[in-house]
Amino acid sequence: MRYVRTHCVYDGCDRELDNHGARGLCAKHYARERNAGNLDRYALLTREQQFRAMTQERDGCWIWKGHVAASGYGLTSIQDRTVSAHRASYELFVGEIPEGLEIDHLCGRPVCVNPAHLEPVTPAENVRRRDERRKEMPA
Numbered sequence: 001m002r003y004v005r006t007h008c009v010y011d012g013c014d015r016e017l018d019n020h021g022a023r024g025l026c027a028k029h030y031a032r033e034r035n036a037g038n039l040d041r042y043a044l045l046t047r048e049q050q051f052r053a054m055t056q057e058r059d060g061c062w063i064w065k066g067h068v069a070a071s072g073y074g075l076t077s078i079q080d081r082t083v084s085a086h087r088a089s090y091e092l093f094v095g096e097i098p099e100g101l102e103i104d105h106l107c108g109r110p111v112c113v114n115p116a117h118l119e120p121v122t123p124a125e126n127v128r129r130r131d132e133r134r135k136e137m138p139a
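Taking the UniProt record's numbering, the leading residue of the sequence shown gets 1, the next gets one more, and so forth.
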C-alpha cells in the first residue's frame, strides 16, 4: 500500500505539498531541513507514520487533514487508486475488511480515521446506526 501525502509532515505545518513534496515536506521546510542537514530523519517514515502525519488528534478522534469529499469522508490514494481514508486506516492498522461489510464510525464523525473508532458491520447495521445517530441529534 502506498499512501500519497498531500500536506507537509513538519510538526505544526499544514501547508499543502507542491508537485515535488520531497520526503513529505513542503518547499519551505525541505529547504530549511536540507540546509540544516536534518533530512535523514524524514527519509524512512513507515506507512503508519505517513498516515498519522495526515491526521490531527481531537477528542480522541484522528481527524483527516487530507482531501475530504463533499460527503464528509476523507480520501487518500493507495497504489494510484482513490479510497476512503477510514477504510485505508482500518486496513493499515487493523487488517482486511471482511467481504460484504462496511466500516462504521463509532464516534459518528465521517472524517475520523482512528482505527479504535472503526468497526466492520453489515450495510443494514450501518444504516440503522446512522439513522439512530440522526434521531439523537438536537433539532
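Using N, Cα and C, we set each Cβ at its ideal position, and we do this for glycine too.
inquiry  = On the criterion of 16 or more Cβ atoms from any shown chain inside 10 Å, does SER84 qualify as buried, or is it exposed?
reply    = Classification of SER84: buried, given that the 10 Å Cβ count is 16 or more.
ask   = Looking at C-beta atoms only, is the number of pairs between the region 104-117 and the region 57-71 that lie closer than 8 Å three or more?
value = yes
key: Residues that DSSP places opposite GLU57 in a beta bridge   = TRP62
query = Pairing CB atoms from the region 91-111 with CB atoms from the region 120-127, are three or more of them under 8 Å?
reply = yes
inquiry  = How far does the alpha helix (DSSP H) with PRO123 in it extend, from its first residue to its last?
reply    = 123-136
Option nearest CYS13 by Cα separation, candidates GLU91, GLU136 and MET54 = MET54
ask   = Closest to ARG32 by CA distance: which of ARG47, THR46, TYR73 and CYS8 is it?
value = CYS8
inquiry  = Using C-beta distances below 8 Å, list every residue in its chain close to GLY108, excluding the 5 sequence neighbours before and after it, in chain order.
reply    = ARG133
key: Cβ pair THR82, LEU75 closer than 8 Å   = yes
ask   = How many angstroms separate the CA atom of LYS65 from the CA atom of GLY95?
value = 22 Å
inquiry  = Suppose contacts are defined by Cβ-Cβ distances below 8 Å. Is VAL127 in contact with HIS86 by that definition?
reply    = no
task = Look at the Cβ atom of ALA88, then the Cβ atom of ILE78, and state whether they are nearer than 8 Å.
result = yes
key: Reduced DSSP category for ARG87 - H, G, I as helix; E, B as strand; rest coil   = helix
query = For LEU101, which three-state DSSP category applies?
reply = coil
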